[in-house]
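Visitor:
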Amino acid sequence: MSVEITQVCSAVMEHVAHGVAVLTLIDDAGVRRGMTVGSLTAASAEPPTVLVCIRNRASMHPFLTPGRPVGLSILGPGQSAVSNGFAFGVEDPFAVFPCHAEAGVPIVVGGTAYLTGRVDRALVNHDTTVVIVGVDHGAVLAEGALVHWMRDYYGGLVPVGG
């Protein structure tokens, strides 16, 4: 694949706004792990299923095995520091950003919503893995969402009608 088409695809995808979430789990040694994801997507309404895409080189990748409990915290408008902390390697983001346990997994405090569930399967596609999660529980806690668009964060959306 040419460098040019890789750059074009990346530039095009910057024009797609998306919500920001933190994917969390507890590994086999009892260590809390988390990472920012921008690719959270509803995959099925019945049974409730979502998917996230992560890089194969992500430190959490080896732990996203079938049956593993995971949490997804949907970040709120004022949580860009949380997104950056879980994305860019704050040594222990759990020591910096408060979390509470829900269904045995960490959930970031202050988010607008969360889901918990278990990894159903992980499908490797080139340098990325699509992680499919069966949802067991969730809640909407507040209105609004942190949105990432054009390499920046936004804390609100303005309706334009339709």
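Heads up: the sequence shown runs through residues 52 to 213, numbered per the numbering used here. Just so you know, even glycine gets a beta-carbon here, dropped at the ideal spot from N, CA and C. In this text the structure is predicted, and so the values were computed from the model without any measurement.
Report the rounded CA-to-CA distance for Val-209 versus Ala-94, giving the unit in angstroms.
Guide: Cα-Cα distance, rounded: 26 angstroms.
Visitor: Determine contact between the region 158-166 and the region 103-116, defined as no fewer than three beta-carbon pairs at a distance below 8 angstroms.
Guide: These segments do not touch.
Visitor: Which first and last residues belong to the beta strand (DSSP E) in which Met-86 is found?
Guide: Taken as a continuous stretch (DSSP letters only), the beta strand (DSSP E) holding Met-86 covers 83-88.
Visitor: What three-state label does DSSP hand Thr-116 in the structure shown?
Guide: Residue state, collapsed to three classes: coil.
Visitor: Report yes if the C-beta distance between Gly-136 and Pro-144 is below 8 angstroms; otherwise report no.
Guide: Yes, the pair counts as a contact, with Cβ atoms nearer than the cut-off.
Visitor: Find out if the Cβ-Cβ distance for the pair Gly-129, His-199 is shorter than 8 angstroms.
Guide: The answer is no: Cβ separation not under 8 angstroms.
Visitor: One question on the structure: do Asp-187 and Thr-100 come within less than 8 angstroms of each other, judged by their Cβ atoms?
Guide: Against a cut-off of 8 angstroms, the Cβ pair of Thr-100 and Asp-187 comes out as no contact.
Visitor: Assuming Ile-168 and Val-121 form a contact by the criterion Cβ under 8 angstroms, report the distance between their Cβ atoms to the nearest whole angstrom.
Guide: The sequence given here has Gly at residue 168, not Ile. Indeed, because the Cβ distance is near 6 angstroms, the residues count as touching under 8 angstroms.
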